[in-house]
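Undergrad:
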Amino acid sequence: MVQVYKIAASYNANAYLIATKRPIMVDVGMNCDLALQSIEKIIVPNALEYIVLTHCHYDHTSGAPELAEKTGARIAIHKNDAESLGDDHATVSNLFGVRSPAIKPDVILQGGEMLDLGDLELKVVHTPGHTPGSICLYASKQLFSGDTVFPNGSVGRTDLKGGDPNQLIKSIKLLTTLDVDIMYSGHGDVTSKDVNAQIRDSLRFAEQVL
Ligand SMILES: [Zn+2]
Ligand SMILES: [Zn+2]
Numbered sequence: 006m007v008q009v010y011k012i013a014a015s016y017n018a019n020a021y022l023i024a025t026k027r028p029i030m031v032d033v034g035m036n037c038d039l040a041l042q043s044i045e046k047i048i049v050p051n052a053l054e055y056i057v058l059t060h061c062h063y064d065h066t067s068g069a070p071e072l073a074e075k076t077g078a079r080i081a082i083h084k085n086d087a088e089s090l091g092d093d094h095a096t097v098s099n100l101f102g103v104r105s106p107a108i109k110p111d112v113i114l115q116g117g118e119m120l121d122l123g124d125l126e127l128k129v130v131h132t133p134g135h136t137p138g139s140i141c142l143y144a145s146k147q148l149f150s151g152d153t154v155f156p157n158g159s160v161g162r163t164d165l166k167g168g169d170p171n172q173l174i175k176s177i178k179l180l181t182t183l184d185v186d187i188m189y190s191g192h193g194d195v196t197s198k199d200v201n202a203q204i205r206d207s208l209r210f211a212e213q214v215l
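Numbering (the working numbering), first residue to last: 6 to 215.
(1) Along the chain, which unbroken stretches of the beta strand (DSSP E) at least 3 residues long are found entirely within the segment 145–169?
(2) Excluding the 5 residues preceding and the 5 following E118 in the sequence, name in chain order all residues of the same chain whose CB lies nearer than 8 Å to its CB.
(3) Helix, strand or coil for A52, going by three-state DSSP, please let me know.
(4) Judging by CA-CA distance, which residue of I140, G116 and F210 is the nearest neighbour of G158?
(5) What are the boundary residues of the beta strand (DSSP E) that includes L120?
(6) Closer than 7 Å: is that where the CB of H94 sits relative to any heavy atom of ligand 2?
(7) How would the residue list near ligand 2 read, in chain order, if you kept each one whose beta-carbon is closer than 6 Å to any heavy atom?
(8) Should D64 and A18 be called a contact, given that it needs their Cβ atoms to be closer than 8 Å?
(9) At a cut-off of 7 Å, would you count H131 as near ligand 1, judging by its Cβ distance to the nearest heavy atom?
(10) Can the beta-carbon of A81 be found closer than 8 Å to that of V31?
(11) So the alpha helix (DSSP H) I44 belongs to, where does it begin and stop?
(12) Distance, Cα to Cα, T163 vs S197?
(13) Mapping DSSP to helix, strand and coil, what is K11?
(14) Tell me, which residues are paired with V129 by DSSP?
(15) Among the residues of its own chain, which have a CB less than 7 Å from the CB of L183, if the five just before and after it don't count?
(16) Counting C-beta neighbours from all protein chains within 10 Å, is the total for L53 16 or more, i.e. buried, or is it exposed?
(17) According to DSSP, what are the bridge partners of V31?
(18) Since I believe D194 is in contact with P156 (beta carbons under 8 Å), could you give me their beta-carbon distance rounded to a whole number of angstroms?
(19) Entirely within the segment 70–104 and at least 3 residues each: give me those beta strand (DSSP E) ranges in chain order.
(20) Could you tell me whether the segment 68–78 touches the segment 100–110, where touching means 3 or more Cβ pairs closer than 8 Å?
Next comes the structure, spelled out in structure tokens:
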């Protein structure tokens with residue numbers, strides 16, 4: 006089992022360090038220094054290979070440029086959200102009363118890629134709906150679900166710029182075809198309690214409410 010660490014992040018968006026041979030961060034949160042302090046306790050920060058952004062939202066991404074600069078890690082994001090990085094409505098930075106930071110992605114993802122982390126291959130699953138370029142990451146029955154699905158049958162909101170309820174339902178349907186033991190979502194707690202059933206609950210909820 007590959008070690009995954011929940012990294013102290015500001016506000017309430019989660020960030021995770023996957024401590025493989027070629028370690029990566031999944032999202033960063035809003036405070037680079039806070040994230041870096043946590044990372045330093047686990048790995049040599051310069052070893053960080055990628056910062057994979059699950060989507061373009063400010064609370065997940067705004068610490069990324071500084072962390073990339075300080076560690077040399079490359080920023081990866083899906084192409085549909087890469088296009089939105091400078092848009093204060095699409096990144097919801099306007100909700101925080103600030104402009105989006107300049108984020109220059111080094112790797113543009115399409116979905117379907119396998120990220121080589123040395124001792125783990127992580128699959129990129131394109132799951133639009135919360136945003137057009139939302140992705141989930143999947144390996145060894147572990148799912149990084151971003152803001153697509155949350156524990157206890159919750160789902161990401163679709164009323165922000167770029168959101169699409171029908172796409173979200175399709176994306177969650179796709180996630181129900183995976184076998185998941187542990188889910189690391191963009192908000193809330195890490196869960197390992199009958200996760201497949203939780204994702205099916207999310208699908209049912211999305212179909213009824215969205
Ligand atoms: Zn979001
Ligand atoms: Zn979020």
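Glycine included, every Cβ here is placed at the ideal spot set by N, Cα and C.
Note that this is a predicted model, so its numbers are computed, not measured.
TA: On the basis of the coordinates in this document:
(1) 147–151
(2) Counting from one through the sequence shown, the residue named residue 118 turns up at place 113. Hits under 8 Å: K128 and V129.
(3) To locate residue 52, count along the sequence shown from 1; it is residue 47. Of the three classes helix, strand and coil, the one that applies to A52 here is helix, per DSSP.
(4) As a first step, residue 158 must be located in the sequence shown, where it is residue number 153. Checked all of I140, G116 and F210; the closest Cα to G158 is F210.
(5) Counted from its first residue, the sequence shown places residue 120 at position 115. Start and end: M119 to D121.
(6) The count along the sequence shown starts at 1 and reaches residue 94 at position 89. H94: no, Cβ never under 7 Å from ligand 2.
(7) A18, H62, D64, H65, D152, G191 and H192
(8) Residue 64 sits at position 59 when you count from the first residue of the sequence shown. Residue 18 sits at position 13 when you count from the first residue of the sequence shown. In contact: D64 and A18 (Cβ atoms closer than 8 Å).
(9) Indexing the sequence shown from 1 puts residue 131 at position 126. H131: no, Cβ never under 7 Å from ligand 1.
(10) Mapped onto the sequence shown, residue 81 falls at position 76. Mapped onto the sequence shown, residue 31 falls at position 26. Against a cut-off of 8 Å, the Cβ pair of V31 and A81 comes out as no contact.
(11) Taking the first residue of the sequence shown as 1, we reach residue 44 at position 39. C37 to E45 is the extent of the alpha helix (DSSP H) around I44.
(12) One-based indexing of the sequence shown puts residue 163 at position 158. One-based indexing of the sequence shown puts residue 197 at position 192. One C-alpha to the other measures close to 26 Å.
(13) In the sequence shown, residue 11 corresponds to position 6, counting from 1. If DSSP states are grouped into helix, strand and coil, K11 belongs with the strands.
(14) Taking the sequence shown and counting its residues from 1, one reaches residue 129 at position 124. For V129, which the question treats as bridged, DSSP gives the partners L142.
(15) Residue 183 sits at position 178 when you count from the first residue of the sequence shown. Correct list, in chain order: Y143 and L148.
(16) Translated into the one-based positions of the sequence shown, residue 53 becomes position 48. So L53 counts as buried.
(17) To locate residue 31, count along the sequence shown from 1; it is residue 26. Its beta-bridge partners are Y21 and V57.
(18) One-based indexing of the sequence shown puts residue 156 at position 151. One-based indexing of the sequence shown puts residue 194 at position 189. Confirmed, about 6 Å.
(19) 79–83
(20) yes
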